[in-house]
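Report on one structure; see the data block that follows.
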Amino acid sequence: MAPDLTEVMLKRIEENARQRIQEECKEIVQRSENLKSYLINIAKIGKWSLPLTIRGMEIRHPEHEKNLDLLERCGLVKSRIKYTEHNTYREYSLTKEGTELIQKE
Numbered sequence: 012m013a014p015d016l017t018e019v020m021l022k023r024i025e026e027n028a029r030q031r032i033q034e035e036c037k038e039i040v041q042r043s044e045n046l047k048s049y050l051i052n053i054a055k056i057g058k059w060s061l062p063l064t065i066r067g068m069e070i071r072h073p074e075h076e077k078n079l080d081l082l083e084r085c086g087l088v089k090s091r092i093k094y095t096e097h098n099t100y101r102e103y104s105l106t107k108e109g110t111e112l113i114q115k116e
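Count along the sequence shown from 1, add 11, and you get the number used in this note's numbering.
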């Protein structure tokens, strides 16, 4: 009985994971031009800083964070946290793959 339950649960988890990946891929295709503009802007500027806190207050940029996180997971940008006296930033720069992709365009 237990192996059957385990098998059913694993199949369900696999189906859910596959569905999430398919949805994310569709979203990437729909937002490809927007994501491309992020890469172009980072390439022009060199490094792009997204404020996280300003004088201790948390600043949220959900759409920017979502797009940049996706680009980072794809290996096209890398980020690091930058601290100043009063503020905190996440600083993004292109990876080698991101630079090559922009040069092809």
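Beta carbons: idealized from backbone N, C-alpha and C, even for Gly.
Secondary structure at LYS58, three-state DSSP: helix, strand or coil? coil
Ignoring anything shorter than 3 residues, give me the beta strand (DSSP E) runs that lie fully in the region 33–99, in order along the chain. 59–65, 88–94
Alpha helix (DSSP H) segment containing THR110, residue limits: 107–115
Return the bridge partner residues of ARG23 from the DSSP annotation. None, per the DSSP bridge assignment.
Sequence-distant residues of its chain with Cβ nearer than 8 Å to ASN78 (five each side left out): ARG42, ASN45, LEU46, TYR49
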